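J.: Residue numbers (the UniProt record's numbering): 1 to 566.
We put the beta carbon where it would ideally sit given N, CA and C, even for glycine.
Please read all numbers here as calculations on a predicted model, not as lab measurements.
Shown next as structure tokens:
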């Protein structure tokens with residue numbers, strides 16, 4: 001091996017024409033060295049100074065000829081402190097999740113070489129925003145529980161083993177919580193979720209079933225695409241990251257791993273820097289937005305004064321604006337806990353229950369936590385069905401929290417960031433006991449897909465676009481064509497005109513009041529009649545049933561009724 005002239009671009013490690021190039025940003029005045037280790041040996045086999053006199057700005061660089069990349073690993077030493085490369089593409093020495101390991105040590109190193117991967121013609125799916133039904137999961141927690149029955153629990157391969165399940169449910173995109181190499185301990189408590197500092201370019205080694213995590217992540221993406229499912233990554237980054245580094249990281253995952261989309265924090269990375277990047281054009285970019293969540297939670301539990309906000313939330317087209325609709329997310333209660341707890345119960349986190357969101361807009365349906373009261377249990381089931389209906393009959397891109405479709409619970413903990421155990425892992429035994437809810441959600445996703453009026457490509461305008469005598473969307477109360485204006489109102493009717501899209505007309509009556517209400521029905525064009533297609537008070541699905549009374553109907557307390565005109 002011998003040191004030769006290198007290049008300051010790109011940062012990190014590149015292999016080309018028999019040379020391995022190393023480039024690292026180092027503040028002026030600091031001493032920097034490249035450390036090369038033979039695989040299996042504890043100490044560096046070679047140490048190369050990276051002279052500041054040869055730097056380009058603050059970037060130190062050199063190249064090594066004759067280096068067998070498959071037999072060596074690397075680190076840097078800056079002012080006598082070992083440092084992992086922030087641009088490292090894969091690390092070794094930290095395979096066990098939860099093990100306290102200093103990422104900046106001789107033990108943890110960067111892998112230089114990478115095996116070729118056969119993408120088998122894989123290409124991004126480019127599913128339109130309005131057709132996406134997303135599913136948010138934690139790669140480890142998704143299959144780590146023994147009840148998952150997968151061979152490779154808590155890994156990318158474990159996710160792959162569940163693709164048949166996701167496909168049956170109707171999911172066509174998964175949104176993964178951080179899957180890059182992150183520090184699992186910033187203090188006394190574990191960082192299970194993965195938010196915080198990390199090696200953003202390196203897939204998390206412990207999420208691989210083998211020692212080839214890059215290959216396994218690519219394999220997961222390829223398998224997802226073959227199943228018609230996109231893969232999106234949460235990339236929150238941390239304060240102080242340079243926008244160009246964040247953009248370069250997103251480009252890398254898009255190009256190297258065929259990732260379809262990213263969820264970013266616009267307060268850390270400028271939104272415009274990402275959405276205007278020419279290479280990232282066509283990639284889905286989202287930002288977290290709890291506006292929809294808070295409105296729908298308050299409407300669900302029967303708060304007054306919510307009708308106007310609900311109208312806007314139901315008809316907001318998220319699309320290119322970068323939003324997703326969700327009622328539950330990893331931060332906060334699961335859906336089952338949302339209807340089972342008035343207060344958070346985070347005592348297990350060791351922070352005296354002071355951590356986690358203070359405002360959850362939850363309601364326990366009459367009993368805090370587990371209950372044997374049949375009335376409480378039935379009301380909770382209905383509220384869960386209502387929540388899914390609110391989510392999946394709204395315009396825009398819906399996102400389901402993994403496990404909500406079978407009443408997964410975290411026992412009232414709304415902040416399981418430090419809980420790498422059965423409290424945070426999905427308990428798939430719940431699916432056996434709640435297959436009825438799974439089938440309900442599956443049918444509801446199919447209903448959404450069958451009616452274009454529920455997921456239009458463009459925005460709803462409230463106008464008669466094609467002179468058919470009916471606007472694309474209109475709002476109704478207990479009287480047809482009259483928006484309920486009373487602050488005490490907890491009911492709303494929404495009529496979607498389907499003619500422009502070749503769809504049926506659809507009327508959805510939402511009654512979140514604790515008493516039943518009459519709804520006057522808008523008159524359909526000649527030759528059509530209203531049929532009831534779904535009713536959350538029963539939770540059953542079947543063929544649409546012709547309404548005997550075409551002028552009005554009763555909607556039971558805390559229920560939603562879906563009508564189609566045919």
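Starting from residue 164 and walking both ways along the alpha helix (DSSP H), at which residues does that stretch end?
T.: By 1-based counting over the chain shown, the position of residue 164 is 164. Where residue 164 is concerned, the enclosing alpha helix (DSSP H) stretches over 163 to 169.
J.: Report yes if the C-beta distance between residue 241 and residue 263 is below 8 Å; otherwise report no.
T.: Here residue 241 is taken as the residue at index 241 of the chain shown, counted from 1. Here residue 263 is taken as the residue at index 263 of the chain shown, counted from 1. Contact flag unset, no.
J.: Just to confirm, are residue 90 and residue 214 a CB contact at a threshold of 8 Å?
T.: Mapped onto the chain shown, residue 90 falls at position 90. Mapped onto the chain shown, residue 214 falls at position 214. Closer than 8 Å, so yes.
J.: Identify, in the order they occur along the chain, each residue of the same chain with its Cβ nearer than 8 Å to the Cβ of residue 282, setting aside the five sequence neighbours on each side.
T.: Residue mapping note: residue 282 aligns to position 282 of the chain shown, counting from 1. So the list reads 124 and 126, once near-sequence residues are dropped.
J.: Near residue 169, which residues of its chain fall below 6 Å by C-beta distance, leaving aside the five closest residues on each side in sequence?
T.: As a position in the chain shown, residue 169 is number 169, starting the count at 1. For residue 169, where only same-chain residues beyond five positions count, the Cβ hits under 6 Å are 442.
J.: Using CA atoms only, rank isn't needed, just tell me which of 148, 38, 54 and 293 is closest to residue 75.
T.: As a first step, residue 75 must be located in the chain shown, where it is residue number 75. When only C-alpha atoms are compared, the closest one is 38.
J.: Would residue 102 be called buried (16 or more neighbouring beta carbons within 10 Å of its own) or exposed?
T.: As a first step, residue 102 must be located in the chain shown, where it is residue number 102. Result: exposed.
J.: Residue 148: buried (16+ other C-beta within 10 angstroms of its C-beta) or exposed?
T.: Reading the chain shown from its first residue, position 148 is the one you call residue 148. Label assigned to residue 148: buried.
J.: If you reduce the DSSP assignment to three classes, tell me which class residue 539 lands in.
T.: Working through the chain shown from its first residue, we reach residue 539 at position 539. Residue 539: coil per DSSP, three-state reduction.
J.: Give me the Cα-Cα distance between residue 232 and residue 549, rounded to the nearest whole angstrom.
T.: Position 232 of the chain shown holds residue 232. Position 549 of the chain shown holds residue 549. C-alpha separation (whole angstroms): 47 Å.
J.: Could you give the uninterrupted runs of the beta strand (DSSP E) lying entirely in the region 480 to 554, keeping only those of 3 residues or more?
T.: Listed in chain order, the complete beta strand (DSSP E) runs (minimum 3 residues) inside the region 480 to 554 are 491 to 496, 505 to 511, 517 to 520 and 530 to 535.
J.: With three or more C-beta pairs closer than 8 Å as the rule, is the region 438 to 452 touching the region 495 to 505?
T.: Contact between the region 495 to 505 and the region 438 to 452 is present, because at least three Cβ pairs lie under 8 Å.
J.: Under the assumption that residue 491 contacts residue 512 (Cβ atoms under 8 Å), give the Cβ distance between them as a whole number of angstroms.
T.: As a position in the chain shown, residue 491 is number 491, starting the count at 1. As a position in the chain shown, residue 512 is number 512, starting the count at 1. About 7 Å; that satisfies the 8 Å criterion.
J.: I'd like to know if the region 370 to 390 and the region 417 to 429 are in contact, where contact means that at least 3 CB-CB pairs between them fall below 8 Å.
T.: No: fewer than three Cβ pairs fall under 8 Å.
J.: How far does the beta strand (DSSP E) with residue 74 in it reach, from first residue to last?
T.: As a first step, residue 74 must be located in the chain shown, where it is residue number 74. Its beta strand (DSSP E) spans residues 72 to 78.
J.: Assuming residue 35 is part of the beta strand (DSSP E), what are its boundary residues?
T.: Counted from its first residue, the chain shown places residue 35 at position 35. Note, residue 35: beta strand (DSSP E), 32 to 38.
J.: List the whole-angstrom C-beta distance separating residue 313 from residue 292, where the pair is believed to meet the contact cut-off of C-beta under 8 Å.
T.: Here residue 313 is taken as the residue at index 313 of the chain shown, counted from 1. Here residue 292 is taken as the residue at index 292 of the chain shown, counted from 1. Contact holds; Cβ gap of about 5 Å.
J.: Can you find the residues in the same chain that come closer than 6 Å, C-beta to C-beta, to residue 495, ignoring five residues on each side of it along the sequence?
T.: Against the chain shown, residue 495 aligns to sequence position 495. Hits under 6 Å: 474, 507 and 522.
J.: When you compare only the Cα positions, how much space is there between residue 81 and residue 210?
T.: Taking the first residue of the chain shown as 1, we reach residue 81 at position 81. Taking the first residue of the chain shown as 1, we reach residue 210 at position 210. So the two alpha carbons sit approximately 30 Å from each other.
J.: Let me confirm a value: residue 582 is counted as buried when at least 16 other C-beta atoms fall within 10 Å, else exposed. Which label applies?
T.: Residue 582 falls outside the range modelled here, since the chain spans only 1 to 566, and no answer is possible.
J.: How is residue 97 classed by DSSP in three states: helix, strand or coil?
T.: Stepping through the chain shown from its first residue, residue 97 is reached at position 97. Coil, per DSSP.
J.: Tell me the start and end of each unbroken beta strand (DSSP E) in the region 196 to 266 that is at least 3 residues and wholly inside, in chain order.
T.: With a minimum length of 3 residues, the continuous beta strand (DSSP E) runs that stay inside the region 196 to 266 are 198 to 203, 230 to 235 and 261 to 264.
J.: Any contact of the region 51 to 62 with the region 103 to 112, i.e. 3+ C-beta pairs under 8 Å?
T.: With the cut-off at 8 Å, the region 51 to 62 and the region 103 to 112 do not touch.
J.: Please classify residue 463: is it buried, with 16 or more other beta-carbons within 10 angstroms of its beta-carbon, or exposed?
T.: Position 463 of the chain shown, counted from the first residue, corresponds to residue 463. So residue 463 ends up on the exposed side.
J.: Comparing alpha-carbon positions, which option in 235, 29 and 71 lies nearest residue 266?
T.: Translated into the one-based positions of the chain shown, residue 266 becomes position 266. Checked all of 235, 29 and 71; the closest Cα to residue 266 is 235.
J.: Quick check on the DSSP output: the beta strand (DSSP E) that includes residue 399 runs from which residue to which?
T.: To locate residue 399, count along the chain shown from 1; it is residue 399. Run containing residue 399: 399 to 401, per the beta strand (DSSP E) assignment.
J.: Using CA atoms only, rank isn't needed, just tell me which of 13, 519 and 2 is closest to residue 67.
T.: The sequence position of residue 67 within the chain shown is 67, counting from 1. It is 2.
J.: Residue 180 and residue 198: beta carbons closer than 8 Å?
T.: Position 180 of the chain shown, counting from 1, holds the residue named residue 180. Position 198 of the chain shown, counting from 1, holds the residue named residue 198. The answer is yes: Cβ separation under 8 Å.
J.: Would residue 330 and residue 138 qualify as a contact pair, given that the criterion is a beta-carbon distance under 8 Å?
T.: Locating residue 330 in the chain shown gives position 330, counting from the first residue. Locating residue 138 in the chain shown gives position 138, counting from the first residue. Taking 8 Å as the Cβ cut-off, residue 330 and residue 138 qualify as a contacting pair.
J.: Mark residue 253 as exposed unless 16 or more other C-beta atoms lie within 10 angstroms of its C-beta, in which case mark it buried.
T.: Translated into the one-based positions of the chain shown, residue 253 becomes position 253. By the neighbour-count rule (16 or more Cβ atoms within 10 Å), residue 253 is buried.
J.: By Cβ distance below 8 Å, which residues in the same chain neighbour residue 287 in space, the five residues on each side in sequence not counted?
T.: On the chain shown, residue 287 is found 287 positions in, with the first residue counted as 1. For residue 287, where only same-chain residues beyond five positions count, the Cβ hits under 8 Å are 263, 264, 265, 266, 271, 322 and 323.
J.: For residue 24, list the residues DSSP reports as bridge partners.
T.: On the chain shown, position 24 is the one that residue 24 refers to. Its beta-bridge partners are 60.
J.: Helix, strand or coil for residue 446 per DSSP?
T.: Here residue 446 corresponds to residue number 446 of the chain shown, with the count starting at 1. Here residue 446 sits in helix by DSSP.
J.: Which complete alpha helix (DSSP H) runs does the region 314 to 392 hold, if anything under 4 residues is left out?
T.: Runs found: 335 to 338 and 374 to 392.
J.: Do residue 255 and residue 348 come within 8 Å of each other at the CB atom, strictly closer than that value?
T.: The sequence position of residue 348 within the chain shown is 348, counting from 1. The sequence position of residue 255 within the chain shown is 255, counting from 1. No; because the gap between Cβ atoms is not below 8 Å, this pair is not in contact.
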